[in-house]
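Asker: Take this structure, written in structure tokens, and hold onto it; I'll ask about it next.
In UniProt numbering, the protein residues as written are 1 to 193.
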């Protein structure tokens with residue numbers, strides 16, 4: 001019997017964003033952080049925030065524990081609104097103060113072009129960061145939108161669809177993040193994996 005082959009018609013989703021993300025345990029303390037986070041974020045996905053088309057859980061590895069998800073979002077604005085709302089907002093602020101023995105990463109792919117990558121406290125390179133050079137997330141690279149625009153521009157692709165500014169204020173302003181983490185003239189070199 002011949003295989004029934006299908007493809008998705010994405011014409012109704014011109015601004016589609018596919019995001020892969022993961023949290024990897026780095027220290028024994030990280031196991032508690034990973035186990036404590038799961039139920040809270042699961043409930044927030046179950047409630048179907050505006051713009052979330054689908055959420056799928058992924059176990060990247062069991063040893064070390066490395067769990068994550070693949071999500072499909074209607075557009076970047078919807079994704080940004082969710083990441084800057086509760087409970088994600090509180091979780092992200094806590095993570096940026098103390099990763100709790102874990103590393104967190106995401107890679108977002110935009111149907112119209114552009115890729116955003118972020119690797120925080122990931123001691124082992126993963127995803128695109130395992131073969132492509134990494135850079136400090138400063139200035140325009142501090143935001144997902146800025147990183148996606150930068151990667152699209154470097155690849156010679158049009159990035160107008162990404163817009164210039166987020167529609168929602170960031171969870172943490174860049175200046176505040178570096179001031180709180182490293183003092184007034186702090187450096188981010190200590191946070192590089």
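Just so it is clear, CB atoms sit at the ideal spot from N, CA and C, and this is done for glycine as well.
#1: Please name the residue or residues paired with residue 104 in a DSSP beta bridge.
#2: I think residue 128 touches residue 149, with their Cβ atoms under 8 Å apart; what is that distance to the nearest whole Å?
#3: When we look at the beta-carbon of residue 11 and count the other beta-carbons within 10 Å, is it buried (16 or more) or exposed?
#4: Once the 5 residues before and after residue 109 are set aside, which same chain residues still bring their CB inside 6 Å of it?
#5: Just how far apart, CA to CA, sit residue 55 and residue 84?
#6: With distance defined between alpha-carbon atoms, name the residue in 59, 99, 65, 93 nearest to residue 120.
#7: Rounded to whole angstroms, what's the CA-CA distance from residue 123 to residue 25? Just pull it up for me.
#8: Taking 8 Å as the cut-off, decide whether the C-beta atoms of residue 201 and residue 101 are in contact.
#9: Give a yes or no on contact between the segment 46-55 and the segment 66-79, applying the rule of three or more CB pairs nearer than 8 Å.
#10: Could you please give the first and the last residue of the uninterrupted beta strand (DSSP E) stretch that includes residue 69?
#11: What three-state label does DSSP hand residue 7 in the structure shown?
#12: Let me know if residue 158 comes out buried or exposed under the rule of 16 or more other beta-carbons within 10 Å of its beta-carbon.
#13: Mind listing, in chain order, the continuous alpha helix (DSSP H) runs of no fewer than 4 residues lying wholly within the segment 142-182?
#14: Straight-line CA distance for residue 140 to residue 32?
#15: Shortest alpha-carbon distance to residue 76 belongs to which of 179, 3, 172, 13?
#16: Given this structure, state the Cα-to-Cα distance separating residue 186 from residue 142, to the nearest angstrom.
#17: Looking at C-alpha atoms only, which residue of 152, 93, 89, 48 is the closest neighbour of residue 117?
Answerer: Working from what's here:
#1: For the purposes of this step, residue 104 is identified with residue 104 of the chain shown, where counting begins at 1. In the DSSP output, where bridge partners are listed per residue, residue 104 has 23, 120.
#2: The sequence position of residue 128 within the chain shown is 128, counting from 1. The sequence position of residue 149 within the chain shown is 149, counting from 1. Not a contact, Cβ separation roughly 16 Å.
#3: On the chain shown, position 11 is the one that residue 11 refers to. Label assigned to residue 11: exposed.
#4: Here residue 109 refers to the residue found at position 109 when the chain shown is read from its first residue. Cβ within range, chain order: 18, 115.
#5: Here residue 55 is taken as the residue at index 55 of the chain shown, counted from 1. Here residue 84 is taken as the residue at index 84 of the chain shown, counted from 1. Near 18 Å, if we compare the C-alpha coordinates of residue 84 and residue 55.
#6: Stepping through the chain shown from its first residue, residue 120 is reached at position 120. Among 59, 99, 65, 93, the Cα nearest to that of residue 120 is on 99.
#7: Taking the first residue of the chain shown as 1, we reach residue 123 at position 123. Taking the first residue of the chain shown as 1, we reach residue 25 at position 25. Going by C-alpha positions, residue 123 is about 10 Å away from residue 25.
#8: Since the first residue shown for the chain is 1 and the last is 193, residue 201 is missing from the structure and cannot be characterised.
#9: yes
#10: The residue labelled residue 69 in the question sits at position 69 within the chain shown. Where residue 69 is concerned, the enclosing beta strand (DSSP E) stretches over 66-73.
#11: Translated into the one-based positions of the chain shown, residue 7 becomes position 7. It is coil, neither helix nor strand.
#12: Looking up residue 158 in the chain shown gives position 158. It counts as exposed.
#13: 144-154, 174-182
#14: Start at 1 with the first residue of the chain shown, and residue 140 comes out as number 140. Start at 1 with the first residue of the chain shown, and residue 32 comes out as number 32. Rounded to whole angstroms, the gap between the alpha carbons of residue 140 and residue 32 is 33 Å.
#15: The sequence position of residue 76 within the chain shown is 76, counting from 1. With distances taken between Cα atoms, residue 76 lies closest to 13.
#16: Your numbering for residue 186 matches position 186 in the chain shown. Your numbering for residue 142 matches position 142 in the chain shown. Residue confidence is low: residue 186 scores 47 on pLDDT, short of 50, so the model does not pin down where it sits. Its coordinate-derived value is still stated next. If you take the alpha carbons of residue 186 and residue 142, they lie about 15 Å apart.
#17: The count along the chain shown starts at 1 and reaches residue 117 at position 117. Between residue 117 and the set 152, 93, 89, 48, the nearest pair of CA atoms involves 152.
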